[in-house]
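Enquirer: Protein chains in written order, with the working numbering: chain A, 2 to 424; chain B, 642 to 865.
Here's a structure for you.
Here is the structure:
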């Protein structure tokens, strides 16, 4: 959920509650005010009526007149009190309205009055606003209010998120696209909002620092690999001299061989690490036209005698293909793929290499992977326990494909591992 | 035959010199670029082993100086920086070969002798060891003037072994020499063994004495 939606939701909820609460409150208060007004005017009416009645001294047959009056008048009744001596009181009652011909709410003022020393009961009534209609009217008004409020808030919210949050989303998109080893640095646009500027400044600072550390790290790996070459060379040269000793025993000789193989492993690891970091550092920039088909055939023919030893057959279907790429990288790419295929082919198995269109396919028969196929391209992930394998070959293949934007894919079907690269 | 080793790593220089002296080369040593500059002007060498990164300067400068003074010493560049740039630059400047650290001393020795042969005999030369003669130009090996049909790998192997005669050459060094990067694919050296076996067989069938000795599974020694 977006931040603005959260705030919008609270705002909408609050206004809804406010509007809903306001309906009974306003009904109640409006009714109170109306009642007060009605009561006042009832009192006024009755006072005036009594004043008038009392001044009509000429009325002879008062009783008859009052009877007639009572019949004629709609809102005023006056009857002899017949012993009931009521105090002046207001009440709200439902009465039959003879004009509208339905039950209607009225406000009554009952008071006793003496006319010519005779007690009468005077009731004045006044029609009240219908409750249902009042609720209806108020409800409609409030509903319209809610709709207007919600629509207004939504529109406001949308334009706010477009305008106000634009710099934020800009920065966010830049961060999403940011890759430590590719982009230079994040360049957020200037805003007038303190929080955003603060955020942008912090992000720029953070990415710049990360990048610096990353570059130092990359440089360190390359330097370390370089520095290791000389001690390795010394180690190897000492072994070469040591094995010239004519009085070596058999166990000493085999120790020397083991040492040499260990040194060789270190050398290969180091060489591959150096290669990886050189690719990382974009040190293979010279591009040239390479006849991929020819290069692949040459490399494969070199490998044939080794494959023969394990009774592995190599089949090739190679169409001519020329690509523009770095010679060293392509050689490493092909060599590593071919080595990988031969290394993981079981004895008497088959390796087949196919170049068709711009797609190179290297397939070999072999046992299914025991590891996850995604892990295969990670550094130092090894299938099996081959000591001769550095565990970096496929990582280098992937690195080269990534850096040259070649599409690399792997799948396993019917006992055949297939790597394909689209150039 | 005189060799100049220009290299600042004393331990490495010591081993290189020790190994090369067995081949009865005379080795002189320069640990710095200034020492080296002095020596190349005063003396002529059959081969110079040149480390590119020296404490007081780039080895490529020494190479330029050699060429400026019309010296024809053979030069093998040795460097820890296995970069294509340096290799191309070095070879363009007139270096004869390029070896990146770490390397096997038999490999170094074989390259040194190849360069010396080329310089001394203008490329038109033969390697002889008793009844074996290898014509480097025609790439033909013969025993008692009878041609022996060898595959390319067997031919390379023979030259490598003769170049390192009387010395133990490990299987690893042979594998690396014959197959380069493909060497890492090889398990248990079956590959080397089959080549050695075939070479021995072909030589003995031509009436050649067996000069290839196995050294405790460590490697081989070509010796009379």
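Just so it is clear, CB atoms sit at the ideal spot from N, CA and C, and this is done for glycine as well.
Everything numeric in this text was worked out from a predicted model, so none of it was measured.
When the Cα atoms are used, what is the spatial distance from residue 335 of chain A to residue 375 of chain A?
Expert: Those two C-alpha atoms are separated by around 20 Å.
Enquirer: Going by alpha carbons, who is nearest to residue 648 of chain B out of A/231, A/331, A/289 and A/285?
Expert: Checking every option, the nearest Cα to that of residue 648 of chain B belongs to A/231.
Enquirer: Can you give, in chain order, each stretch of the beta strand (DSSP E) that sits fully within the stretch 146-202 of chain A and has at least 3 residues?
Expert: You should have found no qualifying run.
Enquirer: Have a look at the DSSP bridge pairing and note the partners of residue 861 of chain B.
Expert: B/810 and B/855, per the DSSP bridge assignment.
Enquirer: Helix, strand or coil: which one does DSSP assign to residue 362 of chain A?
Expert: Three-state DSSP puts residue 362 of chain A in a strand.
Enquirer: Determine the DSSP secondary structure at residue 130 of chain A, reduced to helix, strand or coil.
Expert: Residue 130 of chain A: coil per DSSP, three-state reduction.
Enquirer: Given a cut-off of 7 Å on the beta-carbon distance, is the pair residue 792 of chain B and residue 783 of chain B in contact?
Expert: No; because the gap between Cβ atoms is not below 7 Å, this pair is not in contact.
Enquirer: Using the beta-carbon count (16 or more within 10 Å), is residue 130 of chain A buried or exposed?
Expert: That one is exposed.
Enquirer: Assuming residue 282 of chain A contacts residue 219 of chain A (C-beta within less than 8 Å), just tell me the rounded distance between them.
Expert: Between residue 219 of chain A and residue 282 of chain A the Cβ distance is about 6 Å, and since that is below 8 Å, they are a contact.
Enquirer: When DSSP labels each residue in this structure, what does residue 830 of chain B get in the three-state scheme?
Expert: Of the three classes helix, strand and coil, the one that applies to residue 830 of chain B here is coil, per DSSP.
Enquirer: Counting only C-beta atoms, is residue 650 of chain B closer than 7 Å to chain A at any point?
Expert: Taking Cβ atoms only, chain A reaches closer than 7 Å to residue 650 of chain B, which makes this a yes.
Enquirer: What is the DSSP secondary structure of residue 770 of chain B, reduced to helix, strand or coil?
Expert: Three-state result, residue 770 of chain B: strand.
Enquirer: Which one of A/316, A/236, A/192 and A/326 has the shortest CA to CA distance from residue 263 of chain A?
Expert: It is A/236.
Enquirer: Is the shortest distance between the beta-carbon of residue 286 of chain A and the beta-carbons of chain B less than 7 Å?
Expert: It does not: the Cβ of residue 286 of chain A has no partner Cβ on chain B nearer than 7 Å.
Enquirer: For residue 842 of chain B, decide whether its Cβ has a neighbour in chain A, counting only Cβ atoms nearer than 7 Å.
Expert: Taking Cβ atoms only, chain A never reaches closer than 7 Å to residue 842 of chain B, which makes this a no.
Enquirer: Take residue 189 of chain A as the anchor and find which of A/63, A/179, A/154 and A/175 has the nearest alpha-carbon.
Expert: Minimum Cα distance to residue 189 of chain A is reached at A/175.
Enquirer: Could you check if residue 742 of chain B is buried or exposed, using at least 16 other CB atoms within 10 Å of its CB as the buried criterion?
Expert: It is buried - the Cβ of residue 742 of chain B has at least 16 other Cβ atoms within 10 Å.
Enquirer: Taking the alpha carbon of residue 860 of chain B as the reference point, which residue from B/801, B/794, B/821 and B/848 has its own alpha carbon closest?
Expert: It is B/801.
Enquirer: In three-state terms, what does DSSP make of residue 737 of chain B?
Expert: DSSP places residue 737 of chain B in coil when its eight states are reduced to three.
Enquirer: Could you work out which residue in A/121, A/149 and A/91 is closest to residue 39 of chain A when comparing CA atoms only?
Expert: Closest option to residue 39 of chain A, Cα to Cα, is A/91.
Enquirer: When DSSP labels each residue in this structure, what does residue 793 of chain B get in the three-state scheme?
Expert: Residue state, collapsed to three classes: helix.
Enquirer: Closer than 8 Å between beta carbons: that is the criterion. Which residues of the stretch 656-687 of chain B meet it against chain A?
Expert: Residues passing the 8 Å Cβ filter: 656, 657, 659, 660 and 663.
Enquirer: Does any residue of chain A have a CB that is nearer than 7 Å to the CB of residue 708 of chain B?
Expert: By this cut-off, residue 708 of chain B is not an interface position.
Enquirer: Using DSSP bridges, identify the partner residues of residue 326 of chain A.
Expert: The partner list for residue 326 of chain A (beta bridge, DSSP) reads A/289.
Enquirer: My parser needs the alpha helix (DSSP H) runs of 4 or more residues fully inside the stretch 61-86 of chain A; what are they?
Expert: The stretch 61-86 of chain A contains these whole alpha helix (DSSP H) runs: 63-73.
Enquirer: Taking 7 Å as the CB-CB limit, is residue 751 of chain B close to chain A?
Expert: It does not; no Cβ of chain A falls within 7 Å.
Enquirer: Mapping the DSSP letters down to three states, classify residue 782 of chain B as helix, strand or coil.
Expert: Note: residue 782 of chain B maps to strand in three-state DSSP.
Enquirer: Kindly indicate if chain B contains any beta-carbon less than 7 Å away from that of residue 362 of chain A.
Expert: No, residue 362 of chain A does not count as interfacial toward chain B.
Enquirer: Taking residue 287 of chain A as the reference, give the member of A/405, A/108 and A/73 with the closest Cα.
Expert: With distances taken between Cα atoms, residue 287 of chain A lies closest to A/405.
Enquirer: Can you list the beta strand (DSSP E) stretches of 3 or more residues lying completely in the stretch 237-305 of chain A, in chain order?
Expert: DSSP runs (the beta strand (DSSP E)) wholly in the stretch 237-305 of chain A: 289-292.
Enquirer: At which residues does the alpha helix (DSSP H) containing residue 396 of chain A begin and terminate?
Expert: Counting along the chain, the alpha helix (DSSP H) containing residue 396 of chain A begins and ends at 394-405.
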